[in-house]
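The block underneath contains the structure these notes are about, expressed in structure tokens.
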Amino acid sequence: MTIGWIIAIVIVGLLIVVAASHSMAGPLRWIGLAALNAVIGAVLLFFGNLIGEIVGFHVPINPVTALLAGFLRVPGLLALVAIKMYIV
2 MTIGWIIAIV IVGLLIVVAA SHSMAGPLRW IGLAALNAVI GAVLLFFGNL IGEIVGFHVP
62 INPVTALLAG FLRVPGLLAL VAIKMYIV
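Position in the sequence shown counted from 1, then plus 1, gives you our numbering.
Dropping the structure here:
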């Protein structure tokens, strides 16, 4: 194999990597945003449970409740509390 072919293969490979990275940027951004909101929701639920511990109230921390509290922030946390009070 000559040096020309090696350079051509490297350039084509780099172009494929660049094309793949641009097509994956959108979905990766949404996955990262969802993960960040889940972490924020878990922290909100943790502090909500610390405050709720005073009156004996607890909202479980799982992926669904963490995502809901993370995307909706405080209104989501209040909605989870209202749902928990309605069920119990």
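Ideal placement from N, C-alpha and C gives every residue a C-beta, glycine not left out. As the structure is a computational prediction, the values presented were derived from the model and not from experiment.
Quick check on this structure: which residue in V65, I55 and G27 has the alpha carbon closest to the alpha carbon of N38?
Sequence index remark: in the sequence shown, residue 38 carries index 37 (1-based). Taking only the C-alpha atoms, the option nearest N38 is V65.
Who are the near neighbours of P62 in its chain, counting only those whose CB is closer than 6 Å to its CB and skipping five residues on each side?
The count along the sequence shown starts at 1 and reaches residue 62 at position 61. Rather than Pro, the amino acid found at residue 62 in this sequence is Ile. Answer for I62: A43 and L46, listed in chain order.
In chain order, what residues of the same chain lie with their CB nearer than 6 Å to the CB of G77, ignoring the 5 residues before and after it?
Here residue 77 is taken as the residue at index 76 of the sequence shown, counted from 1. Cβ within range, chain order: L69 and A70.
Under a Cβ-count criterion, where at least 16 other Cβ atoms within 10 Å of its own Cβ denotes burial, should L51 be classed as buried or exposed?
Here residue 51 refers to the residue found at position 50 of the sequence shown. L51 is exposed by the Cβ-count criterion.
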